[in-house]
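In our numbering, the protein residues as written are 27 to 398.
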């Protein structure tokens, strides 16, 4: 086995890095491949907004002509400055079931981080706030939500063998059309809506959504600022996140709860197009785009990738309106199931509220930490 530090200016090396999961998961029916064009973007130092303030390195372990594993290690300087930390992130970890190969990858990541004066490491955690996070540790029989990681069950053992331990868990859960809030709670939410001057804003087009994106970015930064792992997004990062979200959005599924024209909460739901992405096999052309568009039209499942009340409006009744909208979003149209995506275990109130909706928590993604 040999370790390779990637030269991201060399397209063949980049391609080996981004294509490895396609080989590793070739026979896995749950894995959902990314588009190759999207998978390359974090390695494009002259274009990705992360590199305007931070740095990263990428490593492969190879044997002969075969790739055995890969990892990225990040120094997110804005995160460390804002949070007062000296942490590295690891990300894009994939490996065969071999502790020697995974150990070489983690050792390379740890060494790179120590050389930069960093004292600890957490992950998987990505380049942007909207990136997938965590290793899957429960729910391997289920296909992931769009843009959420899937991995084999042995990854947890590989992480522990490298000396990493749990930092926190994120739960994802399923809700069906037959569950959700009973009508009497929807009626209560409607009375709150009327008496406390709330209203629900939905969108009619992607152009209208794009015009709201600067405001939505402010909402995002405000809503999650107190979360342990959060770092406010920059304008350049927001543009990338907006393009990513708009690519998979149906405007009528994006809802804002407003009070006197101030945003109090939000429900961001997206059609699950995993089936189309699997059939596209990483490529839009010649026929990948057709499979993806067909999935947009035919899917019966939606992903709730963002649900929250802004701190200033917690306890004001906005929660009731918010969860009523979550239920109504599932009931509108042709959808039969939805998935609440990655709610952190320390967010006890949201976990409890969603369980009361009938959400069955069936997946767990874990963030790990280690000392350097």
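Heads up, the beta-carbon is just placed ideally off N, CA and C, and yes, glycines get one too. This structure is a prediction, so every number in the text was calculated from the model and none was measured.
Euclidean distance between Cα positions of residue i and residue j
i           : j           : result
residue 132 : residue 188 : 7 Å
residue 63  : residue 307 : 12 Å
residue 236 : residue 336 : 21 Å
residue 234 : residue 242 : 12 Å
residue 372 : residue 381 : 15 Å
residue 319 : residue 232 : 16 Å
residue 278 : residue 227 : 10 Å
residue 397 : residue 121 : 22 Å
residue 118 : residue 96  : 7 Å
residue 328 : residue 359 : 11 Å
residue 198 : residue 229 : 26 Å
residue 240 : residue 164 : 36 Å
residue 342 : residue 215 : 12 Å
residue 311 : residue 303 : 12 Å
residue 267 : residue 261 : 10 Å
residue 325 : residue 276 : 12 Å
residue 317 : residue 58  : 13 Å
residue 53  : residue 46  : 13 Å
residue 89  : residue 135 : 19 Å
residue 361 : residue 35  : 44 Å
Beta carbon of residue i nearer than 8 Å to that of residue j
i           : j           : result
residue 247 : residue 285 : no
residue 200 : residue 177 : no
residue 330 : residue 297 : no
residue 112 : residue 145 : yes
residue 293 : residue 194 : no
residue 155 : residue 259 : yes
residue 100 : residue 80  : yes
residue 56  : residue 221 : no
residue 212 : residue 350 : yes
residue 126 : residue 27  : yes
residue 44  : residue 78  : no
residue 344 : residue 390 : no
residue 392 : residue 186 : no
residue 153 : residue 257 : no
Closest residue to residue i among the options (Cα-Cα distance)
i           : options               : result
residue 128 : 157, 29, 278 and 40   : 29
residue 400 : 238, 398, 391 and 386 : Past the edges of the chain, shown from 27 to 398, lies residue 400, and the structure says nothing about it.
residue 94  : 339, 123 and 362      : 123
residue 60  : 391, 392 and 305      : 305
residue 225 : 166, 91, 116 and 346  : 346
residue 273 : 338, 299, 258 and 256 : 299
residue 244 : 165, 290, 350 and 90  : 290
residue 395 : 332, 91, 344 and 115  : 115
residue 32  : 105, 138 and 344      : 138
residue 383 : 366, 391 and 389      : 366
residue 107 : 271, 255 and 47       : 255
residue 67  : 41, 215 and 276       : 41
residue 353 : 333, 343, 341 and 339 : 333
residue 388 : 379, 368 and 375      : 368
residue 270 : 172, 190, 135 and 43  : 172
residue 179 : 166, 186 and 47       : 166
residue 376 : 219, 196, 147 and 192 : 196
residue 263 : 378, 53, 74 and 37    : 74
residue 38  : 149, 209, 72 and 86   : 86
Beta-bridge pairing of residue i - partner residues as DSSP gives them
i           : result
residue 82  : 100
residue 16  : Residue numbering for the chain in the displayed model covers 27 to 398; residue 16 lies beyond these limits and cannot be assessed.
residue 191 : 395
residue 89  : 92
residue 30  : 86
residue 246 : Residue 246 is not bridged to any residue.
residue 227 : 282
residue 113 : 146
residue 54  : Answer is none; residue 54 lacks a bridge partner.
residue 120 : 96
Taking only runs of the beta strand (DSSP E) that begin and end inside the segment 351-376, which ones reach a length of at least 3 residues, in chain order?
363-370
Alpha helix (DSSP H) runs wholly inside the segment 281-341, at least 4 long, in chain order:
300-306 and 314-324
What are the uninterrupted segments assigned as beta strand (DSSP E) that are 3 or more residues long and contained completely in the segment 130-198, given in chain order?
146-149 and 161-164
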